[in-house]
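One structure is given below, encoded as structure tokens.
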Amino acid sequence: MALWKRVAILAALICAAIGCYAAGMAKGATGLIILGVLFELGFWLGLFKKERGCC
């Protein structure tokens, strides 16, 4: 995957996580907080994922 696509996807994931956390905290919605955790997990897994085509 191209670097710019990977960065764009990771940025979207972390923005979605922050948005879900903010909405969940404001409304007390547990589902939004859980969704935020899932988005953040996707961000961290994508951040540390190794490229397969290298070395």
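Taking numbering that gives the first Met the number 0, the leading residue of the sequence shown gets 0, the next gets one more, and so forth.
The beta carbon of each residue, even a glycine, is placed where N, CA and C say it ideally should be.
Taking a C-beta distance under 8 angstroms as the contact criterion, L12 and F38 qualify as a contact pair. The DSSP-derived three-state label of G23 is helix. The residue from K26, A7, G18 with its alpha-carbon nearest to that of V36 is G18. In the displayed model, F47 falls within coil according to three-state DSSP, outside both helix and strand. In summary, A28 is exposed, with fewer than 16 beta-carbon neighbours lying within 10 Å of its beta-carbon over all protein chains present.
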